[in-house]
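133 is the number of the first residue of the sequence shown in my numbering; add one for each residue after it.
By construction, the Cβ of each residue, glycine as well, lies at the ideal position given by its N, Cα and C atoms.
Below: the structure, in structure tokens.
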Amino acid sequence: MKKLVAFDLDGTLAESKAPLDADMADLLARLTQVAHVCVISGGDWPQFEKQVVGRLPRKALREKLWIMPTTGTKLYRCTEGHWRAVYREDFSGEEKRHILDALDKAVDAAGFRGEKTWGEQIEDRGSQITFSGLGQEAPLDAKKKWDPDRKKREAMQKAAQKELPGLSVNIGGSTSIDVTRKGVDKAYGIERLVEESGIGKAEMIFMGDAVYPGGNDFSVPDKAGVDTVAVGSIDETRRAIEAIIYCLS
133 MKKLVAFDLD
143 GTLAESKAPL
153 DADMADLLAR
163 LTQVAHVCVI
173 SGGDWPQFEK
183 QVVGRLPRKA
193 LREKLWIMPT
203 TGTKLYRCTE
213 GHWRAVYRED
223 FSGEEKRHIL
233 DALDKAVDAA
243 GFRGEKTWGE
253 QIEDRGSQIT
263 FSGLGQEAPL
273 DAKKKWDPDR
283 KKREAMQKAA
293 QKELPGLSVN
303 IGGSTSIDVT
313 RKGVDKAYGI
323 ERLVEESGIG
333 KAEMIFMGDA
343 VYPGGNDFSV
353 PDKAGVDTVA
363 VGSIDETRRA
373 IEAIIYCLS
């Protein structure tokens with residue numbers, strides 16, 4: 133019997149950086165009534181607050197929610213009506229300066245200097261530094277067209293990894309590169325979730341839209357060994373959640 137359902141966020145529950153629609157928010161609320169629910173992604177807490185937490189209806193059982201920003205290097209829980217960080221694995225100031233300098237060099241090495249952008253390209257998320265090729269505020273249509281074959285992000289990843297051999301440089305969302313400590317991926321986040329929740333991996337199921345070699349959800353089945361549902365769209369996620377609610381009710 134599954135006790136916890138974990139989700140990627142962008143492309144799985146909602147469009148990139150967009151809030152959950154009313155139907156998805158209602159489905160997640162219903163899911164909390166039959167299982168624990170985790171959302172794990174590369175965004176920071178304010179993004180989760182806007183996209184997920186702030187969209188949930190009153191009937192959602194918030195004590196059964198596990199919110200894991202920055203690929204699981206942070207965990208937020210709701211206790212006594214307030215959301216609090218259970219842990220945060222933030223970089224030191226010296227580590228951040230080193231990463232920012234390396235990313236600046238990698239932008240030149242990958243040939244990204246001078247491209248049209250919307251907002252800042254580099255964001256400090258505490259435990260993760262994220263480079264967004266088109267900037268943090270880029271419109272969805274531009275993001276979808278920018279790097280559909282991942283070649284641009286792979287070039288940036290290679291350049292950044294050369295500058296940061298002791299850290300992990302991973303392809304994130306549709307335009308992003310995430311820098312974390314070595315070994316941090318969604319499998320790492322799942323391992324931390326097991327520790328904090330006491331729920332075994334055999335009692336979990338994960339859904340994501342990038343469950344393929346090189347995709348940022350692939351480590352969950354490949355390394356963590358958690359049963360995984362690969363979804364091709366947000367509508368597919370909806371149908372899968374409805375099926376799980378029916379099975380667990």
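N-terminal and C-terminal residue of the alpha helix (DSSP H) that residue i is part of
| i | result |
| --- | --- |
| Ile337 | Ile337 -> not in any alpha helix (DSSP H); beta strand (DSSP E) instead, spanning 336-340. |
| Ser306 | Note, Ser306: premise wrong, no alpha helix (DSSP H); not H, not E. |
| Val361 | No alpha helix (DSSP H) holds Val361; the beta strand (DSSP E) holding it covers 359-362. |
| Glu286 | 283-295 |
| Tyr320 | 318-329 |
| Thr164 | 154-164 |
Continuous beta strand (DSSP E) stretch holding residue i: start and end
| i | result |
| --- | --- |
| Phe139 | 136-139 |
| Ala372 | From DSSP, Ala372 is part of no beta strand (DSSP E) but of the alpha helix (DSSP H) over 366-380. |
| Cys211 | Just to set this straight, residue 211 is Thr in the shown sequence, not Cys. Note, Thr211: beta strand (DSSP E), 206-211. |
Sequence-distant residues of the same chain with beta carbon closer than 7 Å to residue i, five excluded per side
| i | result |
| --- | --- |
| Leu193 | Thr164, Gln165 |
| Cys210 | Arg194, Glu195, Leu197 |
| Val316 | Thr203, Thr205, Ser300 |
Cβ-based neighbour list, residue i, same chain, cut-off 8 Å, excluding 5 preceding and 5 following
| i | result |
| --- | --- |
| Gly391 | As shown, the chain starts at 133 and ends at 381. That puts residue 391 outside it, with no answer to give. |
Reference residue i; option with closest CA among the options
| i | options | result |
| --- | --- | --- |
| Ala274 | Gly258, Glu247, Ala334, Arg324 | Glu247 |
| Lys314 | Ala238, Leu325, Leu299 | Leu299 |
| Leu145 | Ser381, Ile377, Glu368, Thr202 | Glu368 |
| Pro189 | Pro280, Gln253, Leu152 | Leu152 |
With 16 other Cβ atoms within 10 Å as the buried cut-off, status of residue i
| i | result |
| --- | --- |
| Gly204 | buried |
| Arg371 | exposed |
| Ala154 | exposed |
| Gly321 | buried |
| Ser259 | buried |
| Leu266 | buried |
Inter-residue CB distance, residue i and residue j (contact presumed, cutoff 8 Å)
| i | j | result |
| --- | --- | --- |
| Ala94 | Glu323 | In this structure the chain extends from 133 to 381, so residue 94 is not present and cannot be described. |
| Asp341 | Gly305 | With a Cβ gap of about 10 Å, Asp341 and Gly305 do not count as contacting. |
| Arg257 | Asp176 | 4 Å |
| Trp278 | Thr307 | 5 Å |
| Ser173 | Asp140 | 6 Å |
| Met336 | Val361 | Actually they do not touch by this definition, with Cβ atoms about 12 Å apart. |
Chain-order list of residues whose beta-carbon lies under 6 Å from that of residue i (same chain, five-residue window excluded)
| i | result |
| --- | --- |
| Arg245 | Val239 |
| Tyr219 | Leu207 |
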